[in-house]
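The opening position of the sequence shown corresponds to residue 144 in the working numbering, with each subsequent residue numbered one higher.
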Amino acid sequence: MSDKPIDDITLSKPIIEMATVANEFCFFFETLGTKDKQTILEFSQRILPLLYLKGSLLPDISPKYPEANERFVTEEQWQNIFTMLRDKFGKDDEYWIIDPLYINETEPLKASLSENIADIYQDMKDFIMLMQKNTLPARENAISECNDLMANHWGYRIGNIFNRIHHLIYFDEEISSPNNT
144 MSDKPIDDIT LSKPIIEMAT VANEFCFFFE TLGTKDKQTI LEFSQRILPL LYLKGSLLPD
204 ISPKYPEANE RFVTEEQWQN IFTMLRDKFG KDDEYWIIDP LYINETEPLK ASLSENIADI
264 YQDMKDFIML MQKNTLPARE NAISECNDLM ANHWGYRIGN IFNRIHHLIY FDEEISSPNN
324 T
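And the structure:
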């Protein structure tokens with residue numbers, strides 16, 4: 144018999160679904176070696192809106208033991224994902240955005256698909272690793288941190304990169320098929 148209470152919100156459907164999507168996202172980007180730019184763009188086009196949706200459905204949880212929060216992704220792991228993506232995207236990696244989080248919200252800023260995806264990867268991997276500790280304090284912290292980071296970090300990044308991904312898939316002559324132009 145399980146020692147988890149049946150009404151444990153940390154094991155509710157929205158959380159399990161978020162963990163499932165986050166795990167798929169992380170697995171894909173951990174296995175980039177044989178994937179080409181088109182495959183990466185198409186996967187991102189499909190999973191990023193789903194990740195955003197599942198993140199927006201997470202319940203607000205205040206962890207009873209905030210000291211149980213942990214980060215797992217190292218700078219080296221982040222750098223490996225970033226470098227592989229930058230190599231795959233090449234000249235298509237950088238683009239311009241208007242970001243309302245900065246002081247001057249009318250000046251364009253240079254952004255990077257690789258950097259933004261690596262940042263999202265870090266947040267998702269930390270969420271998954273903390274959830275896998277399978278203790279109530281760890282799960283509460285994972286969900287709380289994921290909520291905070293969705294609002295202040297990876298949610299913005301998904302919004303910022305989605306237009307670029309859409310453009311590269313449908314309007315970039317080198318990537319899109321003749322039927323898409």
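Ideal placement from N, C-alpha and C gives every residue a C-beta, glycine not left out.
**OP:** Name, in chain order, the residues that DSSP records as bridge partners for Tyr238.
**Re:** To locate residue 238, count along the sequence shown from 1; it is residue 95. Assignment of beta-bridge partners to Tyr238 by DSSP yields Ala254.
Original post:
Count the other CB atoms within 10 Å of the CB of Thr278; is the residue buried (16 or more) or exposed (fewer)?
Top reply: As a working mapping, residue 278 is identified with position 135 in the sequence shown. By the 10 Å Cβ count, Thr278 comes out exposed.
Original post:
CB-CB under 7 Å to Thr171, same chain, minus the five flanking residues each way: which ones, in chain order?
Top reply: For the purposes of this step, residue 171 is taken as residue 28 along the sequence shown, with counting starting at 1. Sequence inspection shows Phe at residue 171; the Thr mentioned does not correspond to that position. Contacts found: Phe186.
**OP:** Give the C-beta separation of Leu228 and Ala261 to the nearest angstrom, bearing in mind that I take them to be a contact with Cβ-Cβ under 8 Å.
**Re:** By one-based count along the sequence shown, residue 228 stands at place 85. By one-based count along the sequence shown, residue 261 stands at place 118. The Cβ separation is near 7 Å, so the contact holds.
Original post:
Ordered along the chain, which non-local residues of its own chain (more than five positions away) have a Cβ less than 6 Å from that of Asn322?
Top reply: Mapped onto the sequence shown, residue 322 falls at position 179. Unreliable positioning characterises Asn322 in this predicted model, as indicated by a pLDDT of 47, which lies under 50. A coordinate reading is not provided.
Original post:
Which residue's Cα is closest to the Cα of Pro157: Leu191, Lys180, Gln188 and Asp203?
Top reply: In the sequence shown, residue 157 corresponds to position 14, counting from 1. Comparing Cα-Cα distances from Pro157 to each of Leu191, Lys180, Gln188 and Asp203, the minimum goes to Asp203.
Original post:
Within 10 angstroms of its Cβ, does Met144 collect 16 or more other Cβ (buried), or is it exposed?
Top reply: Start at 1 with the first residue of the sequence shown, and residue 144 comes out as number 1. Confidence at Met144 is low in this model, with a pLDDT of 44, below 50, so its placement is unreliable and the value that follows should be read with caution. Under this definition Met144 is an exposed residue.
**OP:** Helix, strand or coil for Asp291, going by three-state DSSP, please let me know.
**Re:** For the purposes of this step, residue 291 is taken as the residue at position 148 of the sequence shown. In the structure shown, Asp291 sits in a helix (DSSP, three-state: H, G or I).
Original post:
Around the C-beta of Arg282, are 16 or more other C-beta atoms found within 10 angstroms, so that it is buried, or is it exposed?
Top reply: Here residue 282 corresponds to residue number 139 of the sequence shown, with the count starting at 1. Arg282 should be labelled buried.
Original post:
Nearest-angstrom Cα distance between Ser287 and Met161?
Top reply: Within the sequence shown, residue 287 is the residue found at index 144, counting from 1. Within the sequence shown, residue 161 is the residue found at index 18, counting from 1. Distance between the alpha carbons of Ser287 and Met161 is about 13 Å.
Subject >> For His310, the first and last residue of its enclosing alpha helix (DSSP H) >> reply: Start at 1 with the first residue of the sequence shown, and residue 310 comes out as number 167. Note, His310: alpha helix (DSSP H), Gly298 to Tyr313.
Original post:
Residue ranges of each alpha helix (DSSP H) run of no fewer than 4 residues wholly in the stretch 176 to 219, ordered along the chain?
Top reply: 180 to 199
Original post:
So, helix, strand or coil for Pro243, using DSSP?
Top reply: Numbered from its first residue, the sequence shown carries residue 243 at position 100. Coil.
**OP:** Please confirm whether Lys180 and Phe232 have their CB atoms less than 9 Å apart.
**Re:** Here residue 180 refers to the residue found at position 37 when the sequence shown is read from its first residue. Here residue 232 refers to the residue found at position 89 when the sequence shown is read from its first residue. Yes, the pair counts as a contact, with Cβ atoms nearer than the cut-off.
Original post:
Which runs of the beta strand (DSSP E), 3 residues or longer, sit entirely within the stretch 258 to 286?
Top reply: none
Subject >> Per-residue DSSP class, three states only, for Ile158 >> reply: Mapped onto the sequence shown, residue 158 falls at position 15. Helix at Ile158.
Original post:
Leu292 to Ile312, Cα distance in whole Å?
Top reply: Mapped onto the sequence shown, residue 292 falls at position 149. Mapped onto the sequence shown, residue 312 falls at position 169. As the crow flies, the alpha-carbon of Leu292 is around 27 Å from that of Ile312.
Original post:
Candidates Arg307, Ile308, His310 and Gly302: which alpha carbon is nearest Leu196's?
Top reply: By 1-based counting over the sequence shown, the position of residue 196 is 53. Here the closest residue by C-alpha is Gly302.
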